Amino acid sequence: MGALIIGSNAFAFTDMNGKQDSINNHIGKDKWTILEIWESSCSACRSHMPEMVEFDGKLKNARIIGVTLDGVRGIEDAEDFIAEYDMKFTNLVTNYVEMNIWMEQSIGESLQGTPTFILFDPEGKLVAAQPGIVAISSLEKFITQNSGQETAQVVDTTK
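Mapping of the sequence shown onto numbering that gives the first Met the number 0: residues 0 to 158, in sequence order.
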C-alpha cells in the first residue's frame, strides 16, 4: 500500500457554516494574529473567554481567530459557547486530530490541550505558542512593543 500524502490545504477546518476554510487564510495580512484553540467543555476556556472578547478589536493591528475543537459533531455546543460569550471574532471548527497534525506540520509543536494560544506576526511568521491561559495584558504589551507606532494604536471603544 502506498503512502498517503496530505497537502496543507487538506486539513479538516471549516467555518461555522460548514464551508471549508484554513487557518492560513487568516494569518498575516499586516496584522498580528492571535490564534486561540478552545473547546466548549473546557473550564479554563470558559473562565478566560470574557477577557478575549473584551480584548477583541482593542488594537488596530491585531486580530483574534478562534479554533474550536468541538468538531462537526459538537457544532451546536460550539455555537452555544460563541453565543454565550458574544464572540464576534472568526471561529473555525476542527477536531483534536486535525489540529494536532496542523500544529506539528505548521509550527513544529503538538497540541497539549485547551486553551492554547499561538501568535503570528503581521507577516504571518510564528512568534509564540503557549498552552494554557495567556494574560491579555501580556499579549497587548508584546504586540504594542513589537509594532510600529502608527499601527499599534489602541482603538477607542468608548465611542
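Built from N, CA and C at the ideal position, the CB exists for glycine as well. Keep in mind it's a predicted model, so treat the numbers as computed, not measured.
{"Asked": "Going by the DSSP bridge assignment, what does Q19 pair with across the sheet?", "Found": "T13"}
{"Asked": "Determine, using beta carbons only, whether Q129 and F116 come nearer to each other than 8 Å.", "Found": "yes"}
{"Asked": "Taking 7 Å as the limit between beta carbons, can you name the residues of its chain near K87, skipping five residues before and five after?", "Found": "D55"}
{"Asked": "Please specify which runs of the beta strand (DSSP E), each continuous and at least 3 residues long, are wholly inside the stretch 91-138, giving them in chain order.", "Found": "115-119 and 125-130"}
{"Asked": "Let me know if D69 comes out buried or exposed under the rule of 16 or more other beta-carbons within 10 Å of its beta-carbon.", "Found": "buried"}
{"Asked": "Tell me which same chain residues have a C-beta within less than 8 Å of the C-beta of Q148, skipping the five on either side of it?", "Found": "For Q148, the predicted model reports a pLDDT of 46, less than 50, meaning its position is unreliable; a value from the coordinates is still stated below. Cβ within range, chain order: n/a, list empty."}
{"Asked": "May I have the straight-line CA-CA distance separating I5 from T13, to the nearest angstrom?", "Found": "Bear in mind that a pLDDT of 38 at I5, under 50, signals an unreliable position, so the model cannot answer this."}
{"Asked": "Out of K18, G17 and I22, point me to the one whose CA is closest to W101's CA.", "Found": "I22"}
{"Asked": "Going by beta carbon distance, what residues of the same chain come within less than 6 Å of V92, once the five residues before and after it are set aside?", "Found": "T13 and T67"}
{"Asked": "From K140 to A61, what does the alpha carbon distance come to, in whole angstroms?", "Found": "12 Å"}
{"Asked": "How far does the beta strand (DSSP E) with V66 in it extend, from its first residue to its last?", "Found": "A61 to T67"}
{"Asked": "Relative to the C-alpha of P114, which residue among K124, W31, G17 and S42 is closest?", "Found": "S42"}
{"Asked": "With burial defined as no fewer than 16 other Cβ atoms inside 10 Å of the residue's Cβ, what is the status of E122: buried or exposed?", "Found": "exposed"}
{"Asked": "Taking V71 as the reference, which of I135, M15 and T143 has the closest Cα?", "Found": "M15"}
{"Asked": "Just to confirm the assignment, what range does the beta strand (DSSP E) spanning I33 have?", "Found": "W31 to W37"}
{"Asked": "Can you tell me the Cβ-Cβ gap for H25 and I64, rounded? I've got them flagged as a contact below 8 Å.", "Found": "5 Å"}
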